[in-house]
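>
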Amino acid sequence: MTQQADPLELERQVCFALSVASRSVVAIYRPLLEPMGLTHPQYLVMLALWQYAPLSVKDLSRLLQLDPGTLSPLLKRLEASGLVRRERDSRDERSLAVTLTAAGRELRAEAEKIPPAVVARLGIPMEELESLHLALTRVIAAAS
Numbered sequence: 001m002t003q004q005a006d007p008l009e010l011e012r013q014v015c016f017a018l019s020v021a022s023r024s025v026v027a028i029y030r031p032l033l034e035p036m037g038l039t040h041p042q043y044l045v046m047l048a049l050w051q052y053a054p055l056s057v058k059d060l061s062r063l064l065q066l067d068p069g070t071l072s073p074l075l076k077r078l079e080a081s082g083l084v085r086r087e088r089d090s091r092d093e094r095s096l097a098v099t100l101t102a103a104g105r106e107l108r109a110e111a112e113k114i115p116p117a118v119v120a121r122l123g124i125p126m127e128e129l130e131s132l133h134l135a136l137t138r139v140i141a142a143a144s
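Counting with UniProt numbering, you get residues 1 to 144 for the letters of the sequence shown.
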């Protein structure tokens, strides 16, 4: 008779694997981001702004899937660092627009070194990473 696997076995839990993988990957980014003066969450904000700026705080919050209460301190620190500027949107005074400063735009050139460095440190073929990204995107959509 075959013994059934324990459904509560820690190593079988998707949440456990995702949690450990997330912490491990963010730890790879940390030494790459420190010289740029960025934390990983700040890096995500900068990625969004390099791609889409200017953005309203509301749109940035939705894009990063962060609540405004979490996003606001990140933006304040980035603004204090001279990388972004928050201003009232000229089209809607009720809305705050986030734009990149010259220093924020210039930081992009340095940040372009990050993705290949992460791939090299992981040592996983790009095809596997793209497949993982696709699977994680499906998990995010299913969980939303």
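Glycine residues also receive a C-beta, built at the ideal position from the N, C-alpha and C atoms.
Measuring only the C-alpha atoms, how far is ARG77 from PRO115?
23 angstroms
> Which of the three DSSP states is assigned to THR99 in this structure?
strand
> Could you pull out every residue in the same chain whose Cβ sits closer than 7 angstroms to the Cβ of VAL119, ignoring the five residues on either side in sequence?
MET126 and LEU129
> For a quick check, are the C-beta atoms of MET46 and LEU55 less than 8 angstroms apart?
no
> By DSSP, does SER131 sit in helix, in strand, or in coil?
Residue state, collapsed to three classes: helix.
> By the 10 Å Cβ neighbour count, where 16 or more other Cβ atoms means buried, how is GLN65 classified, buried or exposed?
exposed
> Looking only at C-alpha atoms, which of ILE28, MET36 and LEU71 sits nearest to ALA48?
LEU71
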